[in-house]
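In the working numbering, the protein residues as written are 987 to 1040.
Taking it in order: structure first as structure tokens, then the write-up.
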């Protein structure tokens, strides 16, 4: 189980795969997962103060 920031109950552990989707909807989740991964990457970069190509 993850929260809205894709974080689990364990500090620093995030999950970003098809397991976070509540139910299959009949279409491949590829684009949804790409967007979730990008969102998580930006979130983690902001939390650590990283910007650009660091």
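All C-beta atoms, glycine included, are put in the ideal place defined by N, C-alpha and C.
Nothing here was measured: the structure is a model prediction, and the numbers come from that model.
Closest Cα partner of residue i within the set the options
{"i": "residue 1023", "options": "989, 1036, 995, 1000", "result": "1000"}
{"i": "residue 990", "options": "1010, 1029, 1016", "result": "1029"}
{"i": "residue 993", "options": "1025, 1036, 1013", "result": "1025"}
{"i": "residue 1018", "options": "988, 1003, 1032, 1031", "result": "1003"}
{"i": "residue 1020", "options": "1036, 1006, 988", "result": "1006"}
Sheet register partners of residue i (DSSP bridge)
{"i": "residue 993", "result": "1000"}
Residue span of the alpha helix (DSSP H) that contains residue i, given as start and end
{"i": "residue 1027", "result": "1016-1034"}
Span separating the alpha-carbon of residue i from that of residue j
{"i": "residue 997", "j": "residue 1012", "result": "33 angstroms"}
{"i": "residue 987", "j": "residue 1009", "result": "13 angstroms"}
Neighbour flag for residue i against chain C, beta carbons, 9 angstroms
{"i": "residue 988", "result": "The displayed structure is made up of one protein chain only, and chain C is not part of it."}
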